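Have a look at the structure below before the remarks.
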Amino acid sequence: MTTIAIKTIMSAMRLDRCLANAGFGSRTEVKELIRRGLVTVGGVIVRDAGLAVDAGETQAIHVGGESAMVRRHLHYMLHKPAGLLTALDDKRLPTIGDLLPTHLRQRGIFPIGRLDRDTTGLLILTTDGTLGHRLASPQWEVWKTYEVTIDGAPFDASDVTLFAAGLQLLDGLACRPAQLEPTSLYSADLTIHEGKFHQIKRMMLSTGRTVTKLHRRSVGGLMLDAQLAPGEFRELTTAEIAALYQLVELDNQP
Ligand code: URA
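Numbers given in my numbering equal positions in the sequence shown, counted from 1, plus 62.
Pasting the structure below:
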């Protein structure tokens, strides 16, 4: 009976893949655990590694008596290094996908929004399409803070007013008000809540400056973990995940 119920659940995944994703070993190792009768679903020993289960229902799965708590969605932060495309694959150039282990890619993880190839800093990765869509959409006005270094005229107080009023890009496109906080003559923290193509570079160009360095420090209040070196990533904490879901008015997923 339990088996029938599990098989009818949407977005099903094979039991062996589900357990491998949860860190119980490689697919081969997990199959061996199943073969040895160590895996139960709903209290019943299962010997079919291909049994369809749903990641949201896996609290009912135990391995050697231990609960296989697989979360419905995965959320990570990556310290994006320079030189990689914000994409999972590209025929010609290295991408952030090259940094991710197979099991995360198999779960369908993707980056929220896009950083240019030469931009460094915080990229959030998730398997939740709705969360990703809302965090990236200008409609939800999620604030993102960048550290920007420029070539050209030094910043002064008039720039703060200009950015706060909403800049007009060289092609005539209007930007929403942004917060510019100069940190030196040639660097500033810039906070925006939209994500037009090359937005910050184009904003700076419209004031006659060019960006020489761009680093994203935070998204929606989530700060890049200072412990992460470029290229490193970690899972978001429960509190960080809850804060992001709350920000875009979604129920937190288990
Ligand atoms: N604005 C840019 O110009 N580039 C980025 O990577 C992000 C924001």
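Note that CB positions come from ideal geometry on N, CA and C, so glycine has one too.
Quantities reported herein were computed from a predicted structural model and do not represent experimental measurements.
Apart from the five residues on each side of it in sequence, which residues of its chain come closer than 7 angstroms, Cβ to Cβ, to residue i?
{"i": "Lys263", "result": "Val273"}
{"i": "Lys40", "result": "Nothing about residue 40 can be reported from this structure: the residues present for the chain run from 63 to 316 only."}
{"i": "Ala227", "result": "Pro239"}
{"i": "Tyr248", "result": "Thr211, Ile212 and Pro216"}
{"i": "Ala236", "result": "Gly228 and Gln230"}
Quick one: what's got a C-beta closer than 8 angstroms to residue i's C-beta in the same chain, skipping five residues either side?
{"i": "Pro156", "result": "Gly145, Leu146 and Leu147"}
{"i": "Leu95", "result": "Leu81, Phe86, Gly87, Val101, Val125 and Gly126"}
{"i": "Thr323", "result": "There is simply no residue 323 to check, as the chain begins at 63 and stops at 316 in what is shown."}
{"i": "Leu309", "result": "Leu197, Trp202, Val204, Gly282 and Gly283"}
{"i": "Leu161", "result": "Leu140, Leu146, Gly293 and Phe295"}
Which residue wins for smallest C-alpha separation from residue i, given the options the options?
{"i": "Val125", "options": "Leu150, Cys80, Tyr138 and Leu140", "result": "Cys80"}
{"i": "Ile174", "options": "Asp180, Ala198 and Ala240", "result": "Ala198"}
{"i": "Asp152", "options": "Phe217, Asp218, Arg179 and His195", "result": "Arg179"}
{"i": "Ala288", "options": "His137, Lys142 and Gly104", "result": "Lys142"}
{"i": "Leu312", "options": "Arg89, Val115, Arg196 and Leu162", "result": "Arg196"}
{"i": "Arg296", "options": "Pro163, Leu224 and Ala122", "result": "Pro163"}
{"i": "Arg278", "options": "Pro200, Arg89, Leu140 and Val106", "result": "Leu140"}
{"i": "Thr181", "options": "Ala305, Pro292, Leu276 and Ala291", "result": "Leu276"}
{"i": "His135", "options": "His165, Leu232, Ile171 and Val108", "result": "Ile171"}
{"i": "Ser268", "options": "Thr299, Leu177, Ala291 and Gly214", "result": "Gly214"}
{"i": "Asn83", "options": "Arg167, Gly234 and Leu232", "result": "Arg167"}
{"i": "Met75", "options": "Met265, Gly105 and Val115", "result": "Val115"}
{"i": "Thr299", "options": "Ala291, Tyr138 and Thr253", "result": "Tyr138"}
{"i": "Leu224", "options": "Gly194, Thr189, Met266 and Glu256", "result": "Met266"}
Give the DSSP-derived three-state secondary structure of residue i in the structure shown.
{"i": "Pro200", "result": "helix"}
{"i": "Thr299", "result": "coil"}
{"i": "Arg89", "result": "helix"}
{"i": "Ala82", "result": "helix"}
{"i": "Met75", "result": "strand"}
{"i": "Thr70", "result": "For Thr70, the pLDDT reaches just 32, beneath the cut-off of 50, and the residue's location in the model is therefore unreliable, leaving the point undetermined."}
{"i": "Asp160", "result": "helix"}
{"i": "Glu294", "result": "coil"}
{"i": "His165", "result": "helix"}
{"i": "Phe225", "result": "helix"}
{"i": "Ile96", "result": "helix"}
{"i": "His141", "result": "strand"}
{"i": "Gly112", "result": "coil"}
{"i": "Thr192", "result": "helix"}
Please list, in chain order, all residues of the same chain as residue i whose beta carbon is under 6 angstroms from its beta carbon, the five residues on each side excluded.
{"i": "His260", "result": "none"}
{"i": "Ile107", "result": "Gly99"}
{"i": "Leu113", "result": "Leu77"}
For chain C, is any of its Cβ atoms less than 9 angstroms away from the one on residue i?
{"i": "Phe259", "result": "Absent from the structure is chain C; it holds one protein chain and no more."}
Beta strand (DSSP E) segments (min. 3 residues) lying fully within the region 247-284 = 249-254 and 272-281
Please confirm if the region 230-250 is in contact with the region 178-189, defined as three or more CB-CB distances below 8 angstroms between the two stretches.
-> no
With contact counted as at least three CB pairs below 8 angstroms, one residue from each stretch, are the region 274-288 and the region 204-219 in contact?
-> yes
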